[in-house]
Amino acid sequence: MNTLSKAETLTQMAIESAADENLQSIRRDLEKVSGTDLSLANNSLSTALIRGSDVTTIAKKAGPSIVGIRMTVAGSRRNIYGISNTSVGEGSGIIISKDGYVMTNYHVVSYADPRSGQSRNTVLEVFLPDGREAEAEFVGGDSDTDLAVIRISLANLPVAELGNSAELEVGELAVAIGNPLGMEFAGSVTAGVISALNRTVNMGDKTMNLIQTDAAINEGNSGGALLNSRGQVIGINSAKIAASGVEGLGFAIPIDDAQPIINQLISHGYVKGRAFIGISGMEITSAYSFLYDLPQGIYVTNVVSGSGAEKAGIRRGDVLISLDGKTLETLADMEAIKKAHKPGDTVKAVINRSGTKLTLDMTFSEEK
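Okay, so the sequence shown: first residue is 136 according to my numbering, each after it adds one.
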């Protein structure tokens, strides 16, 4: 009796081992198709099959409307061989209308913005999945939200369907389409889930509320689409936290936040009603303050012609110490004060000019 029981046990173990090998083989095949590590998902095989099918359907629906963008900036300096230096940046974009409007991240096309001072030397090219190419014109951009619109002149354009990010739930399927690392990997599709909503992320001198996803987002994916299970755009891929030991931390601008900005960029070329100071600058840290005998604040590197800063008398080389009664230590401090005001508001600006402290009245202009 005991011998028979052992034999039955061994037979059952052999059957289970063979079944497990078959399951692993099927799982590996699915991973090749979907690009998803199914061993990390606590799903049954039937759920994995459905998910793979969903991703394929989503990619077929939305993929044709996700384009590659190349920004080429010709340098003003020439090397020893007489050849001017050029820099090339690549990203992604989403076709949102039949008449050629494409939305993307501002940082993908920023040098094409006339306000950058580099637009005359900048060429934008758009590459469609169907093989067509076209030069694009810059329509409008907003650095605060990292959003921009460009336009191409081509017929029969595939248009992405926009969804509703307010309906998203943590844990639901998320698919990212874009061009990681440039055109060499154009049209790459990755799948994951919505990891979190309304994540507050510091992006340089600004703070943004973003969708977090573990769908792979890499350099070059910026401006591409984050899609829901219906193949609708629910976010614009914007950033990834890249650090040793960090994986699966990608972020996208919610489409509900992006749409009003995009509409204004198409209508006006800028976001109306935004206060504008009109300076570029760098932070004077305690170390810089000690080394160069300067007060802490914002060192003014450029003043925009016609801006409130210029009209107030602020010059290049000044150190902006405080604004509206608030001490400035970082560019984020200045950004926060700007956001608290509207065009036409007047505040006190305290500057240091060659060792002399001056107090100026500055009126915010409108950012255009």
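Using N, Cα and C, we set each Cβ at its ideal position, and we do this for glycine too.
- Rounded to whole angstroms, the gap between the alpha carbons of residue 298 and residue 194 is 15 Å.
- Bounds of any alpha helix (DSSP H) do not take in residue 256, whose DSSP letter is neither H nor E.
- Counted as a single uninterrupted DSSP element, the alpha helix (DSSP H) harbouring residue 469 occupies residues 466–474.
- When C-beta atoms of the stretch 301–309 are compared with those of the stretch 418–436, fewer than three pairs fall below 8 Å, so the two segments do not count as touching.
- For residue 224, same chain residues with a beta-carbon under 6 Å away, outside a window of 5 residues either side, are 206 in chain order.
- Residue 246 and residue 277 have their C-alpha atoms roughly 12 Å apart.
- Membership of residue 274 in any alpha helix (DSSP H) is not indicated; the residue belongs instead to the beta strand (DSSP E) covering 268–277.
- Membership of residue 327 in the beta strand (DSSP E) is indicated by the continuous run 323–338.
- Here residue 414 carries a strand assignment [DSSP, helix/strand/coil].
- Comparing alpha-carbon positions, the option among 436, 358, 460 and 481 lying closest to residue 411 turns out to be 481.
- Residues of the same chain with a CB within less than 6 Å of the CB of residue 287, apart from the 5 flanking positions on each side, are 235, 261, 269 and 271 in chain order.
- Taking a C-beta distance under 7 Å as the contact criterion, residue 409 and residue 502 qualify as a contact pair.
- Between the stretch 243–259 and the stretch 312–322 there are fewer than three C-beta pairs closer than 8 Å, too few to call the two in contact.
- Taking every protein chain shown into account, the CB of residue 290 has fewer than 16 other CB atoms within 10 angstroms, so this residue is exposed.
- It is roughly 39 Å from the alpha-carbon of residue 499 to the alpha-carbon of residue 311.
- By the criterion of a C-beta distance shorter than 8 Å, residue 390 is surrounded in its chain by 297, 298, 299, 300, 368, 369, 370 and 371, once the five residues flanking it on both sides are discounted.
- The DSSP-derived three-state label of residue 427 is helix.
- Between residue 451 and residue 325, the alpha-carbon positions lie close to 46 Å from each other.
- Residue 281 and residue 327 have their C-alpha atoms roughly 24 Å apart.
- For the options 359, 316, 200 and 348, the alpha carbon positioned closest to that of residue 293 is the one of 200.
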